[in-house]
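I have placed the structure first, in the form of structure tokens, so that the comments after it can refer back to it.
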Ligand code: GLN
Ligand code: ZN
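Residue numbers (my numbering): 966 to 1724.
Written as structure tokens, this is what we have:
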């Protein structure tokens, strides 16, 4: 009988119970005992939700993040997080967020970084040459005991030692890999302890195996997986998010008792795995998509699985492709999606149901489970042929795409002349990135409008008043290029997604982003179409209030794509280009409405890079093409800006250049312009606004700091091509901070301007 299992379950709770319990504890409104009781109850609920699986992951629960859990268990939480006599969980929260409710003095919070190519963020372990590991796994072992005592068929889950070191910081890669001999004995000890509890299988996650690894990481892997399999429990070495590619043969030589592979992301690898992985060892196939929310094609799964099952029998295991942490909990209470859309979707709980159907059909034959299979088949067929998915207008527009190859009518050097004449901007033009502080008043206006307590006319009038206020402030500050302030937007993706055909919104589709934070990504289920203008009225109104150029403000196609759950029935590239066409329609309308500058934000371009270098060109090709499509056909006189929340462009410089935005604004103030090195005069031909005001910190920038940053920038980029602006949008800040900071920024720009062009 085939074994079905799961790699990890969302721990935040279907109603985000963990989020609320954590935040209440952090605020001091509830006790540690309350929090731990909520934790225990969520674990029990999750194990119950996974009933029917042959092996249930245990140890995947976390109060903040699984990497931080490992750091605590390995005894390497940063020393600054420890407080004499504090509860271990408070030290843990201090390591995560700088604060715990037990003391008022904060420490530096741990660094958050994205977990591979997901939107889940982990706390980066801080290691040094002096790091000593020691086992502190009582809480973990207690969770395992808890599960076993409840009769849960527990499979313990751990992050593997090499991935742990690979994702750490504090030492160069090779020096981190060199810590492995100190780390392995602690893993051995932990595995031994699990063995003593009676745990048969341990799932040891090594997703670093699907990245491009230098030789020293391979040596570390060889060392680890020759030793660990003899520590007691059987090991299921788990990889996900991509295929093993050229490393497959090598991994097959390690004496682990089982291997999990992601055949949703790397279906092409299955044949090679089947011939390379020995028949007498467990092969776990990640066949249900753990990264998306669509129902699976069960017929197609069975077509592939039946022959494998015939050969491997109970050494074949089935699972979601990766931990279900990356999808919402359950569809049951979903209210945002209509019945038809719901019938196309599978959240974590429903995905486990799909696994059960697969296992049963393999055991009893398809005929015995014809009803369940027919139901899945019907849903899929309905989705495939639905008129909500396919729109002939979009298909026609996509046909015409090849004609939209080059973005602008003339080359940048030509456009620059025309734009100079039209815009008449001074040297060192000053601007902001788009949003202004989202005050309580603004939030209330939006939510009253949403709830229907405020009519369209009143809402428009009140929002216009907000715009008028922000324009007046910008006049007073003396900025050169204005923004309307984005008061009407709750989120830079959701605002557009709500107005585009092809998107839907769930009410319960929460996915953990970091700590207690969750996001609810929109779903792209069908062809994307812009039925009407989305931003023009606000932008036009804002422009009518001033003679200064107002920037029309849009979210770019790649960012809309990367921050949504996307269709799985066509390549991401096609969806991205459909989004680009929708953005383009808006760009052209803004231009026709008299906006002379349009900014297309691509905040998420870099994070969409595939895990393997070899896959970068294909992604970057369509990302650049999408930008070109979005800006295609605008007049030379219209200035196109883009904004990106980072400046590590060294390895994607060619693509940034190819986007050919007239102006790019980026984040640089925290890195003190170091990262601008790749933006030297030779390499970046157009205009740049390197951020000079770190909007992520509450500190006020001083005139000296801003001046130093600009001088530094001017050494690399000629002054005629430099803009002066903050790092990112200002929506999370307060006006009391923003006003003096922008005033200083403008003063510095004006001073530099006078120095360069004495009157
Ligand atoms: N225009 C957006 C804003 O200012 C950009 C946000 C972002 O880059 N994340 O809020
Ligand atoms: Zn930004």
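Glycine included, every Cβ here is placed at the ideal spot set by N, Cα and C. Since the structure is predicted, the reported quantities are computational estimates derived from the model, not experimental observations.
Sub-7 Å separation of residue i and residue j beta-carbons
i            : j            : result
residue 1399 : residue 1448 : yes
residue 1655 : residue 1631 : yes
residue 1498 : residue 1554 : yes
residue 1274 : residue 1267 : no
residue 1733 : residue 1198 : Summary: the structure shown does not reach residue 1733, with the chain confined to residues 966 through 1724, and so no result is reported for it.
residue 1166 : residue 1201 : yes
residue 1544 : residue 1574 : no
residue 1162 : residue 1144 : no
residue 1362 : residue 1585 : no
residue 1387 : residue 1558 : no
residue 1594 : residue 1369 : yes
residue 1614 : residue 1622 : no
residue 1392 : residue 1445 : no
residue 1112 : residue 1023 : yes
residue 1492 : residue 1356 : yes
residue 1562 : residue 1604 : yes
residue 1246 : residue 1214 : no
residue 1489 : residue 1467 : yes
residue 1063 : residue 1050 : no
Spatial neighbours of residue i in its chain, beta-carbon cut-off 7 Å, leaving aside the 5 residues before and after
i            : result
residue 920  : Residue 920 lies beyond the range of the chain shown here (966 to 1724); nothing can be said about it.
residue 1345 : 1260, 1262
residue 1206 : 1081, 1082, 1172, 1175, 1227, 1230, 1287, 1576
residue 1429 : 1506
residue 1212 : 1174
residue 1380 : 1373, 1601, 1627
residue 1006 : none
residue 1560 : 1504, 1508, 1515, 1517
Chain-order list of residues whose beta-carbon lies under 6 Å from that of residue i (same chain, five-residue window excluded)
i            : result
residue 1607 : 1565, 1567, 1626, 1629
residue 1055 : 1065, 1067
residue 1176 : 1576
residue 1301 : 1470, 1471, 1472
residue 1219 : 1190
residue 1008 : 1026
residue 1087 : 1030, 1032, 1080
residue 1578 : 1177
residue 1354 : 1491
Residue closest to residue i, alpha-carbon to alpha-carbon, out of the options
i            : options                : result
residue 1523 : 1498, 1117, 1572       : 1572
residue 1551 : 1542, 1530, 1496       : 1496
residue 1310 : 1076, 1533, 1580       : 1533
residue 1155 : 1105, 1563, 980        : 1105
residue 1140 : 1405, 1185, 1108, 1120 : 1185
residue 1233 : 1110, 1375, 1187, 1209 : 1209
residue 1040 : 1097, 1022, 1012, 1381 : 1097
residue 1598 : 1636, 1617, 1548       : 1548
residue 1194 : 1157, 1214, 1183, 1204 : 1157
residue 1582 : 1284, 1214, 1619       : 1619
residue 1170 : 1180, 1589, 1181, 1152 : 1152
residue 1685 : 1434, 1046, 1721       : 1721
residue 1046 : 1580, 1036, 1052, 1057 : 1057
residue 1405 : 1690, 1697, 1109       : 1697
residue 1456 : 1408, 1138, 1417       : 1408
residue 1477 : 1714, 1084, 1312       : 1084
residue 1060 : 1091, 1050, 1049       : 1091
Near the ligand SAM: residue i beta-carbon under 6 Å from a heavy atom
i            : result
residue 1568 : Among the ligands present in this structure, namely the ligand GLN and the ligand ZN, the ligand SAM is not found.
Cut-off 8 Å between Cβ atoms - residues of its own chain near residue i, not counting five sequence neighbours on either side
i            : result
residue 1432 : 1449, 1450, 1452, 1503, 1506, 1507, 1510
residue 1229 : 1251, 1252, 1253, 1254, 1255, 1256, 1286
residue 1244 : 1276, 1277, 1280
residue 1633 : 1612, 1640, 1641, 1655, 1656, 1657, 1674, 1678, 1692
residue 1703 : 1401, 1402, 1695
residue 1284 : 969, 970, 971, 972, 1225, 1249, 1250, 1251, 1252, 1253, 1320
residue 1322 : 1263, 1334, 1337, 1338, 1341
Can you list the alpha helix (DSSP H) stretches of 4 or more residues lying completely in the region 1587 to 1657, in chain order? 1618 to 1624
If we count Cβ pairs, one from each stretch, closer than 8 Å, do we get three or more for the region 1288 to 1306 versus the region 989 to 1003? no
Continuous alpha helix (DSSP H) assignments of at least 4 residues falling wholly in the region 1155 to 1195: 1180 to 1192
At 4 residues or longer, what runs of the alpha helix (DSSP H) sit wholly inside the region 1467 to 1555? 1501 to 1509, 1522 to 1527
Is the number of C-beta pairs between the region 1291 to 1298 and the region 969 to 978 that are closer than 8 Å three or more? yes
At least three beta-carbon pairs within less than 8 Å, the region 1101 to 1121 to the region 1018 to 1034: yes
Which runs of the alpha helix (DSSP H), 4 residues or longer, sit entirely within the region 1386 to 1453? 1405 to 1415, 1421 to 1442
Give a yes or no on contact between the region 1389 to 1397 and the region 1703 to 1721, applying the rule of three or more CB pairs nearer than 8 Å. yes
Length-filtered (4 minimum) alpha helix (DSSP H) runs lying within the region 1312 to 1344: 1313 to 1329
Any chance you could list the beta strand (DSSP E) runs of at least 3 consecutive residues sitting entirely within the region 1213 to 1268, in chain order? 1223 to 1227, 1247 to 1253
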